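Enquirer: Residue numbers (our numbering): -14 to 207. All C-beta atoms, glycine included, are put in the ideal place defined by N, C-alpha and C. None of these values were measured; they are calculated from a predicted model. The structure under discussion is supplied below as structure tokens; questions concerning it will follow.
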């Protein structure tokens, strides 16, 4: 739909089934009813992923009038490949151009929702221009992540560490491993998204040199 991207996925992943505007200003709110109807026609509850910026104030107002409310505030962070390469780590992660069974096992490990994890593996595995990082010990993957390398950016997704291995610096190893491949491909800019309630991740990314550039909410019907 003009000026909007409408993912129509029935998975548990919010980004994969939320309408998102393609710019942060100059949009008409009149299209929101048609977007809602499109999701309803597909049997999916309509939701919107909208930045908290003044240029989208009319979108916020119309969504409220339609019975939607903002939830799940999420920060968009920008950093540099150079800063990630400088992270102090014991060893870099293993990075592959294709998803492996051991990489995928991190997302469905004990302590995670197995259905949600399977959906994330499926979504990440079909992403174009993507590399897959994992940290292994004794034949098992303990941490995983991916980077999509295109349009001059490395976008990091799917950062996970199994609960029993947290606090050991494995996420930094994943970040550095992904940054190494990004550097080989001539990229310097990197971004990721993280929910505000994930304070541990926000602290980690701040130490890695990331800065918040904007925030968005998921708008769901009350």
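For residue 142, which option in 163, 153 and 150 has the closest C-alpha, if you only look at C-alpha atoms?
Expert: Among 163, 153 and 150, the Cα nearest to that of residue 142 belongs to 163.
Enquirer: Round the Cβ separation of residue -5 and residue 17 to the nearest angstrom and send it over; I've been treating them as touching at under 8 Å.
Expert: Contact flag wrong, Cβ pair sits at about 21 Å.
Enquirer: Could you give the residue range of the beta strand (DSSP E) that holds residue 141?
Expert: Taken as a continuous stretch (DSSP letters only), the beta strand (DSSP E) holding residue 141 covers 138 to 146.
Enquirer: Three Cβ pairs or more, each shorter than 8 Å: is that satisfied between the segment 165 to 183 and the segment 136 to 155?
Expert: Short answer: they touch.
Enquirer: Going residue by residue through the segment 88 to 153, where are the continuous alpha helix (DSSP H) segments of at least 4 residues, counting only ones entirely within it?
Expert: List check, alpha helix (DSSP H) in window: 99 to 110.
Enquirer: Pull up the distance between the alpha-carbon of residue 192 and that of residue 81, whole angstroms please.
Expert: Cα to Cα, the separation comes out at about 26 Å.
Enquirer: Looking at the unbroken alpha helix (DSSP H) that takes in residue -13, where does it start and where does it end?
Expert: Element bounds for residue -13: n/a, residue is neither H nor E.
Enquirer: Using only CA atoms, which one of 22, 197 and 74 lies nearest to residue 154?
Expert: Closest by alpha carbon: 74.
Enquirer: Alpha carbons only, please: which of 111, 202 and 12 is nearest the one belonging to residue 57?
Expert: Considering only alpha carbons, the answer is 202.
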